[in-house]
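Peer 1:
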Amino acid sequence: MIFDVNETLSDMAPMGQRFEDVGAPAHLARTWFAGLLRDGFALTAVGVNEAFATIAVDALSVVLDGQPLERSVEDAVQHIMEGFAGLPVHADVPEGIGSLQHLGIRLVTLSNGSASVAEALLDRAGIRDHFEMLLSVEDAGRWKPAADAYAYALERCDVDPADAMLVAVHPWDIDGAARAGLATAWINRTGGPYPGYFRTPDLQVGSLTELADELAR
Numbered sequence: 001m002i003f004d005v006n007e008t009l010s011d012m013a014p015m016g017q018r019f020e021d022v023g024a025p026a027h028l029a030r031t032w033f034a035g036l037l038r039d040g041f042a043l044t045a046v047g048v049n050e051a052f053a054t055i056a057v058d059a060l061s062v063v064l065d066g067q068p069l070e071r072s073v074e075d076a077v078q079h080i081m082e083g084f085a086g087l088p089v090h091a092d093v094p095e096g097i098g099s100l101q102h103l104g105i106r107l108v109t110l111s112n113g114s115a116s117v118a119e120a121l122l123d124r125a126g127i128r129d130h131f132e133m134l135l136s137v138e139d140a141g142r143w144k145p146a147a148d149a150y151a152y153a154l155e156r157c158d159v160d161p162a163d164a165m166l167v168a169v170h171p172w173d174i175d176g177a178a179r180a181g182l183a184t185a186w187i188n189r190t191g192g193p194y195p196g197y198f199r200t201p202d203l204q205v206g207s208l209t210e211l212a213d214e215l216a217r
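Oh and the sequence shown: position 172 is 172 in the numbering used here, straight run, nothing missing.
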């Protein structure tokens, strides 16, 4: 089972406070994150594999420009990035991951961010030892949802696509994995609709604990 990390495992709700700390509106946190994903996808589409952190920092400088900041842009960027590096996991993650491991399922992560960020996140949550490997697209050469990213994870795990499942909150990630031949599970914590233009996930659940319960059946 291959897990996305950012927003799927990590809870990004505290980022709004980080933006408010520096004098920017909290809603810019979502604008910033959506923008950095968009730009990472755009670079991947033209064959460029830029590091997540590099895009994140530059994208922050862009969205903070013109805001009534209470400190320099450089200090504001540093404060926000420190918050990103210290995010917690969602409340359902520790129990859900423990239950999935108890089922005998191999667990790995595949992030568009760095493996070190995933490692720190899981260490803080006390669940790092539940995961066999922490993988990053930095080593795959392409960001998800490019097929090469999923192929890299499958190769590292030595499994066929039909024997793997991608777990994510992002419909674009679900769609990419499905097109690469993986089974998919969409974690829909908000109860929102799934976009009809993406391939439908094999499973739709509200949490990782629900996912474990569904698979246990």
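Cβ coordinates follow ideal geometry from the N, Cα and C atoms, glycine included.
DSSP on A76, reduced to helix/strand/coil?
Peer 2: Numbered from its first residue, the sequence shown carries residue 76 at position 76. In the structure shown, A76 sits in a helix (DSSP, three-state: H, G or I).
Peer 1: Straight-line CA distance for W32 to N6?
Peer 2: If you number the sequence shown from 1, residue 32 lands on position 32. If you number the sequence shown from 1, residue 6 lands on position 6. Taking the straight line joining both Cα atoms gives about 14 Å.
Peer 1: Tell me which residue opens and which closes the beta strand (DSSP E) that A26 is part of.
Peer 2: Numbered from its first residue, the sequence shown carries residue 26 at position 26. It is not in any beta strand (DSSP E) - A26 carries neither H nor E in the DSSP assignment.
Peer 1: Let me know the secondary structure DSSP gives F131 once reduced to three states.
Peer 2: Position 131 of the sequence shown, counted from the first residue, corresponds to residue 131. Coil, per DSSP.
Peer 1: Quick check: D175 and R199, are their CB atoms within less than 8 Å of each other?
Peer 2: The count along the sequence shown starts at 1 and reaches residue 175 at position 175. The count along the sequence shown starts at 1 and reaches residue 199 at position 199. Yes. Within cutoff.
Peer 1: Let's see if you can read the secondary structure: which residues bound the beta strand (DSSP E) around I187?
Peer 2: Within the sequence shown, numbered from 1, the residue matching residue 187 stands at position 187. It spans 183-187 - the beta strand (DSSP E) in which I187 sits, taken as one unbroken run.
Peer 1: How long is the line joining the alpha carbons of L13 and V159, rounded to whole angstroms?
Peer 2: In the sequence shown, the residue the question calls residue 13 occupies position 13. In the sequence shown, the residue the question calls residue 159 occupies position 159. Looking at the sequence provided, one finds Ala at residue 13 rather than Leu. Going by the C-alpha atoms only, they are around 34 Å apart.
Peer 1: Should V117 and D11 be called a contact, given that it needs their Cβ atoms to be closer than 8 Å?
Peer 2: Residue numbering aside, residue 117 sits at position 117 when the sequence shown is read from its first letter. Residue numbering aside, residue 11 sits at position 11 when the sequence shown is read from its first letter. The answer is no: Cβ separation not under 8 Å.
Peer 1: Quick one, are the C-beta atoms of V93 and A125 less than 8 Å apart?
Peer 2: Start at 1 with the first residue of the sequence shown, and residue 93 comes out as number 93. Start at 1 with the first residue of the sequence shown, and residue 125 comes out as number 125. In this structure, A125 lies closer than 8 Å to V93 by Cβ.
Peer 1: Is the stretch 47-55 touching the stretch 23-32 in the sense that three or more CB pairs, one from each, lie closer than 8 Å?
Peer 2: No contact exists between the stretch 23-32 and the stretch 47-55.
Peer 1: Starting from S99, trace the alpha helix (DSSP H) in both directions and tell me its first and last residue.
Peer 2: In the sequence shown, the residue the question calls residue 99 occupies position 99. Unbroken alpha helix (DSSP H) run through S99: 93-102.
Peer 1: List in chain order: all unbroken beta strand (DSSP E) runs of 3+ residues lying wholly within the stretch 107-175.
Peer 2: Correct list: 108-111, 133-136, 165-168.
Peer 1: Helix, strand or coil for L64? Go by DSSP, reduced to three states.
Peer 2: Looking up residue 64 in the sequence shown gives position 64. Helix at L64.
Peer 1: Take G206 as the anchor and find which of T190, A56, L215 has the nearest alpha-carbon.
Peer 2: By one-based count along the sequence shown, residue 206 stands at place 206. When each option's Cα is compared against that of G206, the closest is T190.
Peer 1: In this structure, does DSSP put L43 in helix, strand or coil?
Peer 2: Taking the sequence shown and counting its residues from 1, the one referred to as residue 43 is at position 43. Three-state DSSP puts L43 in a helix.
Peer 1: Would you call the CB atoms of S61 and V77 closer than 8 Å?
Peer 2: Position 61 of the sequence shown, counted from the first residue, corresponds to residue 61. Position 77 of the sequence shown, counted from the first residue, corresponds to residue 77. The answer is yes: Cβ separation under 8 Å.
Peer 1: Would you identify the three-state DSSP class for V57, choosing helix, strand or coil?
Peer 2: Looking up residue 57 in the sequence shown gives position 57. V57 falls in the helix class under three-state DSSP.
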